[in-house]
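Notes to accompany the following structure.
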Amino acid sequence: MRNVWIIARREYKLYFISPVAYVVAFFFILLLGYFFYRALGDAIIQAAFQPYAPSVQIIISPMVTLLLFVMPAVTMRTISEEIRMGTIELLLTAPVKDWELVVGKWLGAFLFMSSLLAITWIFPIVLNFLVKPGIDQGILISGYLGLLLIVACLTAIGVFVSSLFNNQLVVFFVNLLIVLFIWIIRPATNAAGGLGEQILTYINFIGHYMNFYQGTIDLIDIVYYLSLTSLALFLGAVSVETRRWR
Amino acid sequence: MIEVEGLTKDYGPRRAIHNLTFNANPGEILGFLGPNGAGKTTTMRILTGFMPPTMGNARVCGFDVVEESLEVRKRVGYLPETVPLYPDMTVFEYLKYMADLRHIKNVEDRVDDVLEIVHLEERANGYISNLSKGMRQRLGLAQALVHEPDVLILDEPTIGLDPAQIREVRTLIREIGKRRTVLLSTHILSEAQQICDRVLIINKGEIVVEDTPMHLQAGLAGAQRISIRVQGDGDGLEKLVGELSGIGDVITIQEGLIEAECAPGKEVRPEIARKLITAGFDLLEMKSIDLSLEDIFIQLTRDEPEPPSTDDSVEES
């Protein structure tokens, strides 16, 4: 476990050195700010006709979409860069278990994204000042818990894909494909019907977020995201191990 | 300390190493010699637990490299061929990271110590991206030493260094080798001669020779080659010399110049001279060439003519 922490700490620090992370974080916050501004504008217009207070959902909703596209960029470097630079040889000949490497990489990226999410709290705080009698704290908390789970999950998938290729660009696009697939399940669910609909509803990545979005925390959703995270991390560890056999 | 038995590794259809068997004793510096692509790096990667062999087994410090890989990795210091460094880290941070992963106590003291050993203490807070090639090589060595391993595996440790640095690193390795087992690969013979207690020559994945550098040289001292130059184009010269007793291979270097291998312990030059004169050649020069380790190395590892059926694409991959 100690190795996990050592690797995670290094990984986390690296984000504050590499330009990619700054660019990604900058655009993430910038776009979020833009959506926030737009939503506020709409709310003001609406409020002219009827009593209306925008909820914290106007921040959380675009954040889910943005995360789907930001995560591949944030995680693409994690393991593929080590493979490209040959430093993977260093880690794989150090007394570090393969899963410790993968989990350490995941934890580092996850902590970085958590820091980014923490910065976005500025928007709910601003909103809290703007609306009377303040925002719904329940939705805020459940919404952010859900976001953390989504980030955990997408980070794990990103790290897994990153362990497959030594080219970051390939990693990015493969990861993006997976994310698009996740994205597309939702409309497909309604079209399928019957048993297909039931299965698709269960594996629907965004669907499981809906409860958090509405302000309820359901165990099944937490289990869903955590098990998907574990699965991706497990696959990542297997991928690192099979790399030895090639 | 290192026991290797029947080690074989295939990369797809290509066999990188074939049935290697050797030992390295405690406190011994074992040189691993061979041309590029001979299987040196593959063997070292197996010994360090980076990848498993296809067949055979290897034990380091009494632990199996596959079954007890973590125990092996704890006890081995490894310098890969391309020194794996993180350019974004400072020298100190890098060594500390490596030391942390090995759970060393008093990490900072230990890092200071190895920095002193490799003479990088002045660059401790400099970024790795600003280091010269020689410094990077030494930093790689520091990384391999940081946990005071029992076994040190160094893949071409002096590559890319300038002569002064090479001498320094060699002295360093000899120093380290007094207390630990060192396995180092190189394709520079004089290096193996200088540093190693014992040398393994490996070619195309198989051990060709295993001996001490002294023995190797002594064994070779007997064998000699003679170069003969005559006036004119030297037609029939090769044939004439080749028929003499005690003469091995004869090769024509250029018109009127041949080189003949002769059996050790017998002086054939007077005989050759007589024959040549009788046959009507104008002998200009005849001298013996001592075989150096280099020549023997080239001879031992010379590519045999490819059998026509060999699949080229497989060979190159």
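Residue numbers (our numbering), protein chains in the order written: chain A, 12 to 257; chain B, 7 to 323.
Positions of the beta carbon are idealized from the N, C-alpha and C atoms, including for glycine.
Three-state class that DSSP yields for residue i in the structure shown
| i | result |
| --- | --- |
| residue 316 of chain B | Confidence at residue 316 of chain B is low in this model, with a pLDDT of 39, below 50, so the placement of that residue is unreliable and no value is reported for it. |
| residue 29 of chain A | coil |
| residue 79 of chain A | helix |
| residue 200 of chain B | helix |
| residue 42 of chain B | coil |
| residue 66 of chain A | coil |
| residue 132 of chain B | coil |
| residue 170 of chain B | helix |
| residue 222 of chain A | helix |
| residue 143 of chain A | coil |
| residue 213 of chain A | helix |
| residue 95 of chain B | coil |
| residue 293 of chain B | strand |
| residue 54 of chain A | helix |
| residue 121 of chain A | helix |
| residue 20 of chain A | helix |
| residue 5 of chain B | What the structure shows of chain B is the stretch from 7 to 323, and residue 5 of chain B is not part of that stretch, so it cannot be assessed. |
| residue 133 of chain A | helix |
Candidates the options: closest to residue i by CA position
| i | options | result |
| --- | --- | --- |
| residue 146 of chain B | B:91, B:17, B:260 | B:91 |
| residue 141 of chain B | B:102, B:168, B:31, B:115 | B:168 |
| residue 118 of chain A | A:217, A:86, A:105, A:49 | A:86 |
| residue 63 of chain A | A:73, A:50, A:74 | A:50 |
| residue 37 of chain A | A:17, A:77, A:54, A:12 | A:77 |
| residue 177 of chain A | A:235, A:98, A:47 | A:98 |
| residue 18 of chain A | B:22, B:70, B:104 | B:104 |
| residue 82 of chain B | B:274, B:152, B:116 | B:152 |
| residue 75 of chain A | A:182, A:240, A:138, A:218 | A:218 |
| residue 186 of chain A | A:57, A:161, A:83, A:124 | A:83 |
| residue 193 of chain A | A:67, A:65, A:80 | A:80 |
| residue 51 of chain B | B:287, B:161, B:242 | B:161 |
| residue 221 of chain A | A:210, A:243, A:197 | A:197 |
| residue 199 of chain B | B:185, B:181, B:184, B:176 | B:176 |
| residue 246 of chain A | A:32, A:208, A:110 | A:110 |
| residue 189 of chain A | A:172, A:151, A:179, A:180 | A:172 |
| residue 228 of chain A | A:157, A:209, A:181 | A:157 |
| residue 246 of chain B | B:239, B:237, B:256, B:36 | B:256 |
| residue 46 of chain A | A:28, A:67, A:34, A:30 | A:67 |
| residue 54 of chain B | B:241, B:74, B:41 | B:74 |
Beta-carbon contacts of residue i that lie in its chain and below 8 Å, excluding the five residues immediately before and after
| i | result |
| --- | --- |
| residue 26 of chain B | 10, 12, 13, 14, 45, 49, 62, 208, 211, 212, 213 |
| residue 106 of chain B | 113 |
| residue 94 of chain B | 133, 134, 135 |
| residue 272 of chain B | 252 |
| residue 57 of chain A | 63 |
| residue 182 of chain B | 151, 158, 188 |
For residue j and residue i, believed in contact at Cβ under 8 Å, the rounded distance
| i | j | result |
| --- | --- | --- |
| residue 233 of chain B | residue 293 of chain B | 6 Å |
| residue 188 of chain B | residue 67 of chain B | Not confirmed; about 14 Å, so no contact. |
| residue 98 of chain B | residue 100 of chain A | Rounded, the Cβ-Cβ distance is 22 Å, inconsistent with contact. |
| residue 23 of chain A | residue 123 of chain A | 6 Å |
| residue 168 of chain A | residue 243 of chain A | 5 Å |
| residue 268 of chain B | residue 254 of chain B | 6 Å |
| residue 149 of chain B | residue 101 of chain B | 6 Å |
| residue 39 of chain A | residue 127 of chain A | 6 Å |
Element boundaries [alpha helix (DSSP H), containing residue i]
| i | result |
| --- | --- |
| residue 204 of chain B | Not the alpha helix (DSSP H): residue 204 of chain B falls in the beta strand (DSSP E), residues 204 to 209. |
| residue 15 of chain B | Segment 8 to 17 is the beta strand (DSSP E) holding residue 15 of chain B; no alpha helix (DSSP H) there. |
| residue 232 of chain A | 230 to 256 |
| residue 119 of chain B | 113 to 123 |
| residue 216 of chain B | It is not in any alpha helix (DSSP H) - residue 216 of chain B instead sits in the beta strand (DSSP E) that spans 212 to 217. |
| residue 97 of chain A | Premise fails: residue 97 of chain A is in no alpha helix (DSSP H) and is neither H nor E. |
| residue 107 of chain A | No alpha helix (DSSP H) contains residue 107 of chain A, which DSSP labels as neither H nor E. |
| residue 168 of chain A | 148 to 173 |
Cβ shell of residue i (< 7 Å), same chain only, five flanking positions each side left out
| i | result |
| --- | --- |
| residue 175 of chain A | 250 |
| residue 316 of chain B | Legend: pLDDT at residue 316 of chain B = 39, less than 50; position of this residue unreliable, value from coordinates given subsequently. The answer is none, since no qualifying residue turns up. |
| residue 107 of chain A | 14 |
| residue 34 of chain B | 187, 203, 204 |
| residue 24 of chain B | 14, 211, 212 |
| residue 216 of chain A | 193, 196 |
Cβ neighbours of residue i in the same chain (closer than 6 Å, five flanking residues each side left out)
| i | result |
| --- | --- |
| residue 71 of chain A | 154 |
| residue 258 of chain B | 244, 264 |
| residue 149 of chain A | 226 |
| residue 164 of chain A | 236, 239, 240 |
| residue 155 of chain B | 81, 82, 83 |
| residue 162 of chain A | 124 |
| residue 26 of chain A | 32, 123 |
Unbroken beta strand (DSSP E) run spanning residue i, endpoints
| i | result |
| --- | --- |
| residue 62 of chain B | 61 to 66 |
| residue 189 of chain B | 187 to 192 |
| residue 22 of chain B | 20 to 30 |
| residue 260 of chain B | 253 to 260 |
| residue 82 of chain B | 82 to 85 |
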